[in-house]
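Asks: Below you'll find the structure I mean.
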Amino acid sequence: MIAAADIDRIVSEIDRASDEIVQFTVDLVRIPTVNPPGEAYETCAHFLGDYLKRRAFDVEYIVAEGRPEHTRRHPRVNVVGTRRGTGGGPVVHLNGHVDVVPAGEGWTVDPFGGVVRDGMIFGRGACDMKAGLAAAVFAADAIARAGVRLPGTIEISGTVDEESGGFAGVAYLAEHGRIAKERTDFVIIPEPLNVDRICIGHRGVYWFEVTARGKMGHGSMPFLGVSAIDGMGRLLQSVREQLRPALAARRTAVPVAPAGARYATININGIEGGQPLDGIQTPCVADLCRAVFDRRFLVEEGFEATKAEIAQLVARATSLAPDVRFDVRDLMVVHLANTPDDSPVIAALDRSIRRILGKPADLIASPGTYDHKHVAQIAGVPHCVAYGPGKLEMAHQPDEYCRIDDLVNATKVMALATLDLMDAGR
Ligand SMILES: [Zn+2]
156 MIAAADIDRI VSEIDRASDE IVQFTVDLVR IPTVNPPGEA YETCAHFLGD
206 YLKRRAFDVE YIVAEGRPEH TRRHPRVNVV GTRRGTGGGP VVHLNGHVDV
256 VPAGEGWTVD PFGGVVRDGM IFGRGACDMK AGLAAAVFAA DAIARAGVRL
306 PGTIEISGTV DEESGGFAGV AYLAEHGRIA KERTDFVIIP EPLNVDRICI
356 GHRGVYWFEV TARGKMGHGS MPFLGVSAID GMGRLLQSVR EQLRPALAAR
406 RTAVPVAPAG ARYATINING IEGGQPLDGI QTPCVADLCR AVFDRRFLVE
456 EGFEATKAEI AQLVARATSL APDVRFDVRD LMVVHLANTP DDSPVIAALD
506 RSIRRILGKP ADLIASPGTY DHKHVAQIAG VPHCVAYGPG KLEMAHQPDE
556 YCRIDDLVNA TKVMALATLD LMDAGR
């Protein structure tokens with residue numbers, strides 16, 4: 156149990172620091188860490204590192220040497236700050252990604268201006284997830300400012316490339332043992348999942364490419380060729396008529412939010428066939444057509460059955476278009492992430508949310524994946540969740556914003572949960 160007086164001191168330190176927390180978020184938004192291509196990562200890592208150093212953290216910069224996306228022009232620089240406490244208690248690692256998606260169209264404010272208005276911070280990344288990084292930094296700092304003894308170790312990392320898979324970021328730290336089950340007890344990722352919700356994982360992802368091969372022929376005599384586009388059409392027909400209704404009937408018991416994502420889904424990322432449309436046209440039957448699919452699968456389905464179902468679907472298309480040859484190539488498989496129900500990190504955040512917001516936490520799972528997968532699957536740390544300020548629906552939108560009261564409340568929740576984990580884990 157954390158002493159009530161300690162809780163009060165930490166909460167009032169965070170209230171007192173609220174302008175600083177807002178300014179820190181604004182400063183982060185003004186560093187345009189746009190991915191792709193990965194702008195200003197080094198500047199952002201040093202901004203975080205310099206602050207953490209001033210607040211008595213040991214700071215390491217971990218550069219993703221050897222990764223193809225790490226270039227001289229766009230270096231992949233991660234930062235980790237460590238503050239060791241006195242009790243030999245557990246290590247709580249707070250991880251946020253520094254990269255943001257491109258601004259895109261439709262903004263009414265400067266996406267990198269860090270505008271603060273009507274109790275909100277606006278900007279690309281304000282919600283996803285620079286507010287979360289600020290919350291992590293000030294959650295840790297408030298414990299020190301309040302003079303409360305730290306019975307374990309706090310680590311804060313700012314990592315790159317989450318939006319493009321996290322391979323030079325959290326995956327790199329996990330592969331190099333910086334986040335590992337031998338040294339890391341609990342991980343909280345302050346992604347914008349709403350201030351009263353704890354995210355316990357995500358559905359699985361299966362990206363695959365289907366190639367249909369036909370036979371060239373003269374366009375005036377298409378019956379002498381075999382159209383790969385027609386063949387792909389057969390496959391798409393099976394997807395629409397057979398697969399989609401089957402997927403729409405499969406609902407997971409995992410509380411994925413929004414509720415529409417509680418079902419198994421498939422999306423067609425892109426399709427390409429025949430001659431390029433902008434080039435000079437010649438009368439040809441298309442001998443090649445390719446499409447990339449994004450299948451999100453449920454824990455109840457599992458990967459093997461998901462993959463087998465696609466193979467069956469392709470076999471059916473082959474029977475409908477016997478002259479076309481279909482090949483399936485796996486592009487990416489992300490296995491499910493699912494925090495154990497009885498994980499102390501869920502319990503600690505739930506207790507802190509009750510204390511700060513006066514209500515129990517909602518447990519949700521994310522429709523898309525995030526760095527949780529690398530923590531669970533490469534580092535082997537099961538006790539990982541996402542919890543942080545900002546609304547999930549605002550992520551990647553024009554006029555993205557984070558509410559200041561959510562930011563301050565999430566900072567309090569993270570501070571109390573961090574102490575709670577150290578206390579319970581001793
Ligand atoms: Zn994010």
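Residue numbers (the numbering used here): 156 to 581. Where is the CB? At the ideal position from N, CA and C, for every residue including glycine.
1) For residue 252, does the count of other Cβ atoms within 10 angstroms reach 16, so buried, or fall short, so exposed?
2) Return the CA-CA distance between residue 353 and residue 346, expressed in angstroms with no decimal places.
3) Tell me which residues share the same chain as residue 507 and place their Cβ nearer than 6 Å to its Cβ, disregarding the 5 neighbours each side in the sequence.
4) Classify residue 437 as helix, strand or coil using the three-state DSSP reduction.
5) Please report how far the alpha carbon of residue 565 lies from the alpha carbon of residue 431, in whole angstroms.
6) Quick one, are the C-beta atoms of residue 341 and residue 538 less than 8 Å apart?
7) Here's a check: name, in chain order, each residue in its chain whose Cβ is nearer than 6 Å to the Cβ of residue 485, leaving out the five neighbours to either side.
8) Is the closest heavy atom of ligand 1 to the C-beta of residue 556 under 7 Å?
9) Work out the CA separation of residue 445 and residue 208 for me, nearest whole Å.
10) Which residues bound the beta strand (DSSP E) around residue 382?
11) When the distance is taken between beta carbons, is residue 383 closer than 8 Å to residue 111?
12) Would you please state the rounded distance, in angstroms, between the beta carbons of residue 529 and residue 329? I believe it to be under 8 Å.
13) Can you find at least 3 beta carbon pairs, one from the segment 389–406 and one from the segment 495–509, that sit closer than 8 Å?
14) Entirely within the segment 179–253 and at least 3 residues each: give me those beta strand (DSSP E) ranges in chain order.
15) For residue 297, which residues from the same chain have a beta carbon less than 6 Å from its beta carbon, with the 5 sequence-adjacent residues on both sides left out?
16) Under the three-state reduction of DSSP, which class applies to residue 566: helix, strand or coil?
17) Can you tell me which of the three DSSP states residue 521 falls into?
18) By the 10 Å Cβ neighbour count, where 16 or more other Cβ atoms means buried, how is residue 317 classified, buried or exposed?
19) Are there any heavy atoms of ligand 1 lying less than 7 Å away from the beta-carbon of residue 550, as far as the coordinates show?
20) Using CA coordinates, which residue listed in 214, 513, 194 and 554 is at the minimum distance from residue 292?
21) Closest to residue 200 by CA distance: which of 482, 256, 267 and 288 is it?
22) Mapping the DSSP letters down to three states, classify residue 529 as helix, strand or coil.
23) Output needed for residue 416: all residues of its chain with C-beta closer than 6 Å, excluding positions within five of it in sequence on either side, in chain order.
24) When DSSP labels each residue in this structure, what does residue 542 get in the three-state scheme?
25) Please name the residue or residues paired with residue 366 in a DSSP beta bridge.
Replies: Taking the structure as given:
1) buried
2) 10 Å
3) 568, 571 and 572
4) coil
5) 51 Å
6) yes
7) 363
8) no
9) 51 Å
10) Premise fails: residue 382 is in no beta strand (DSSP E) and is neither H nor E.
11) Outside the shown range of the chain, which is 156 to 581, sits residue 111, and nothing can be said about it.
12) 5 Å
13) no
14) 213–218, 232–239 and 246–252
15) 165, 168, 169 and 570
16) helix
17) strand
18) buried
19) yes
20) 214
21) 288
22) helix
23) 522
24) coil
25) 445 and 482
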